[in-house]
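Enquirer:
Numbering (the numbering used here), first residue to last: 19 to 654.
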């Protein structure tokens, strides 16, 4: 039987710094306290976050976020992840020394069953759970609706109680009780600022939440009162099962409680949600914390913050000092070819190699520890194919985005684990030429890239052009790669430049009047807000990097081009991005590649079968050890 302690005894122990009954700091076996018949594994208050283990109190919790589905699947279609995937992933997290995993919503029962089995097999080095509850009804973001709408409110309350039951193995279909390793709860989503503003303005008379375990202060906004009520609902469900751990709600930089006068976009500093206005009562020993999704490159105010990202995190810490710790529960940089936003100090939203991304994540995590924050959870465990990004979403077929892995879409490349598409079995063609400068062409493809190998009869010419005819009936090539010495530039015919879809600014780029545009992504729209005159910004991803997207050796040149850089809105259905605004979607039979060398031209027709499934291989990203070493070090 567990030893029971009064609340006063708990507080005295915590105040005195009592932290361990073991001399082995590597022992992560849970060591909960019993307070007023509640099992208290972790606490969070003005003194910080503390997870109680046999090896001591862990005051900086490191972990990884685990997303909702697999490549080739969309979460809206239901969970595709089976128990075998969870078994393999949890085992690999354990091998890497990852001590905690955060999930955004209730996962299939197999996840909890495998977590339970893993922790039973590894009692001194288990993986702790940070459980989330997402809003099942997101209609509050629609015009004229709010968080107080009956459907939204009831659905969220029901999801909270159902998820609590599932985590305790007390729900139909869920019989694995993982609560002995439950470190915290984080409920909610990244709140839409206009929906929050509408909620606050429409529900000014909403009564203050005065729950048994959580209460809103007199300064709380209607949104904060609504959150307090749902935090109390969760605490009540947990207390019913004899558990108390820290409970928090999701927040992000867009709705943080700080003011950012240098922010050029009004919506990014429109409203504030402040966790200080929601307090646990003395009946809830687990406490609360401020949970933030925070990235070093967005919003733009981070460019103007003293100290940039580290300075911003320090301001967050200071804002909550004396009440609760700050945990950065989502952060990271992607290893995508493309970028979606420029950040200070070269920490952009994309354009990083795998090794660079892992190093940056490790550096950011160390910065959070040095600043005295309570934890850091990197996003995410595995690359997610279904994710859109603002500067490529209008270039794609939304309903089929999950069937391919776009190197230009940054949101798809945050994983610690890569999901490398395997070659499409029916997408490989080759052609030998009897005479002329080109001897051999081989084209093959996977769900991310088109690979083009060209062998020349003699030494590789200094200058040549690889053209791609994509849209049937066009008078000229649609895309091309111009090679000149050591330079290679991927270009798009002006009428097909997808940047036209991402901004109303005209001209939409400096060379808009030219017939060919070097392929680029819009990373920041031009801003003309009073006091913030700034031109549009671009990632000229068409300047191909030798050794990465093209190589030149002796008499051979190889290209590795994203489908999107060849104008495919969805290669899995052979759909290309046509002209117009919005763009016409064009069904194509394939792509004709033409090599123009001097005055000679040779053509090669390439086609492939549409697909709804393709093989992929999971792989630890290059440089991952740098990040996991940091996680192990900081967790100690």
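Note that the Cβ used here is the ideal one computed from N, Cα and C, for glycine as well.
In this text the structure is predicted, and so the values were computed from the model without any measurement.
Opposite residue 527 in the DSSP bridges: which residues?
Expert: Answer by DSSP bridge pairing: none, since residue 527 is not bridged.
Enquirer: Quick check on DSSP: helix, strand or coil for residue 631?
Expert: Correct three-state label for residue 631: coil.
Enquirer: Going by beta carbon distance, what residues of the same chain come within less than 7 Å of residue 418, once the five residues before and after it are set aside?
Expert: Taken in chain order, the residues that qualify are 588, 590, 591.
Enquirer: Answer with buried or exposed for residue 136, where buried requires no fewer than 16 other C-beta atoms within 10 angstroms of its C-beta.
Expert: It is buried - the Cβ of residue 136 has at least 16 other Cβ atoms within 10 Å.
Enquirer: What number of angstroms, rounded off, separates the C-alpha of residue 598 from the C-alpha of residue 403?
Expert: Distance between the alpha carbons of residue 598 and residue 403 is about 27 Å.
Enquirer: Using the DSSP secondary-structure output, state which residues sit across from residue 494 in a beta bridge.
Expert: According to DSSP, residue 494 bridges with nothing at all.
Enquirer: Considering only the alpha carbon of each residue, which of 511, 563, 64, 614 lies closest to residue 493?
Expert: Residue 493 has its Cα closest to that of 511, out of 511, 563, 64, 614.
Enquirer: Pairs of beta-carbons, one from the segment 577-587 and one from the segment 408-418, closer than 8 Å: are there three or more?
Expert: Flag = yes, the segment 577-587 and the segment 408-418 touch.
Enquirer: Threshold first: 4 residues or longer. Then list the alpha helix (DSSP H) segments lying entirely within the segment 78-127, N to C.
Expert: The qualifying runs are 101-113.
Enquirer: Output the distance between the C-alpha atoms of residue 331 and residue 467, rounded to the nearest integer angstrom.
Expert: Taking the straight line joining both Cα atoms gives about 38 Å.
Enquirer: Rounding to the nearest angstrom, what Cα-Cα distance links residue 254 and residue 207 in this structure?
Expert: Each residue's alpha carbon lies about 21 Å from the other.
Enquirer: In the DSSP assignment, find the alpha helix (DSSP H) that holds residue 218 and state where it starts and stops.
Expert: 211-220 is the extent of the alpha helix (DSSP H) around residue 218.
Enquirer: In the DSSP output, which residue or residues are listed as bridge partners for residue 620?
Expert: Residue 620 is bridged to 613.
Enquirer: Quick one: what's got a C-beta closer than 8 Å to residue 652's C-beta in the same chain, skipping five residues either side?
Expert: Correct list, in chain order: 78, 80, 383, 384, 387, 394.
Enquirer: Alpha carbon to alpha carbon, how far is residue 152 from residue 544? Give it in angstroms, no decimals.
Expert: Roughly 34 Å between the two C-alpha positions.
Enquirer: Does residue 434 come out as helix, strand or coil in the three-state DSSP assignment?
Expert: Residue state, collapsed to three classes: coil.
Enquirer: Assuming contact is defined by CB atoms lying nearer than 8 Å, are residue 276 and residue 345 in contact in what I supplied?
Expert: The answer is no: Cβ separation not under 8 Å.
Enquirer: If you draw a straight line from the C-alpha of residue 131 to the C-alpha of residue 143, how long is it?
Expert: The alpha-carbon atoms of residue 131 and residue 143 are separated by roughly 17 Å.
Enquirer: Would you mind stating whether residue 684 and residue 484 have Cβ atoms separated by less than 8 Å?
Expert: The chain is shown from 19 up to 654; residue 684 falls before or after that span and cannot be answered.
Enquirer: Hey, residue 269 and residue 308: beta-carbon distance below 8 Å or not?
Expert: Yes.
Enquirer: Does DSSP put residue 338 in a helix, a strand or coil?
Expert: In this structure, residue 338 counts as helix in the three-state DSSP scheme.
Enquirer: Does DSSP classify residue 484 as helix, strand or coil?
Expert: Note: residue 484 maps to strand in three-state DSSP.
Enquirer: Secondary structure at residue 192, three-state DSSP: helix, strand or coil?
Expert: Reduced to three states, the DSSP call for residue 192 is strand.
Enquirer: Run through DSSP, which three-state label would residue 145 get?
Expert: In the structure shown, residue 145 sits in coil (DSSP, three-state: anything other than H, G, I, E or B).
Enquirer: Spell out the partners DSSP gives residue 51 in its beta bridges.
Expert: Paired residue(s): 58.
Enquirer: Evaluate residue 558 with the Cβ neighbour count: other Cβ atoms within 10 Å of its Cβ, from every protein chain shown; 16 or more gives buried, anything less gives exposed.
Expert: With fewer than 16 other Cβ atoms within 10 Å, it is exposed.
Enquirer: To which residues does DSSP link residue 459 through a beta bridge?
Expert: BP columns for residue 459 point to 449, 472.
Enquirer: Classify residue 43 as helix, strand or coil using the three-state DSSP reduction.
Expert: Correct three-state label for residue 43: coil.
Enquirer: Considering only the alpha carbon of each residue, which of 408, 586, 122 lies closest to residue 539?
Expert: It is 408.
Enquirer: Suppose the cutoff is 6 Å on Cβ atoms and the five residues either side in sequence are ignored; what does the same chain contact list for residue 609 look like?
Expert: If we look at residue 609 and ignore the five residues flanking it on each side, its Cβ neighbours are 486, 488, 624.
Enquirer: Suppose the cutoff is 8 Å on Cβ atoms and the five residues either side in sequence are ignored; what does the same chain contact list for residue 26 look like?
Expert: Residue placement at residue 26 is poorly supported in this model, since its pLDDT is 39, which falls under 50; the coordinates are not used for a value here.
Enquirer: Would you mind reading off the limits of the alpha helix (DSSP H) that contains residue 576?
Expert: It is not in any alpha helix (DSSP H) - residue 576 instead sits in the beta strand (DSSP E) that spans 574-580.
Enquirer: Taking DSSP as the reference, what is the three-state secondary structure of residue 653?
Expert: If DSSP states are grouped into helix, strand and coil, residue 653 belongs with the helices.
Enquirer: Let's test the definition: count the other Cβ atoms within 10 Å of the Cβ of residue 157 and tell me whether it reaches 16, buried, or not, exposed.
Expert: Under this definition residue 157 is an exposed residue.
Enquirer: Give every residue of the same chain whose Cβ lies closer than 8 Å to the Cβ of residue 521, excluding the five residues on either side of it in the sequence, and list them in chain order.
Expert: Closer than 8 Å at Cβ, skipping near neighbours: 540, 543, 544, 554.
Enquirer: Have a look at residue 271 and residue 148 and give me their C-alpha separation to the nearest angstrom.
Expert: If you take the alpha carbons of residue 271 and residue 148, they lie about 21 Å apart.
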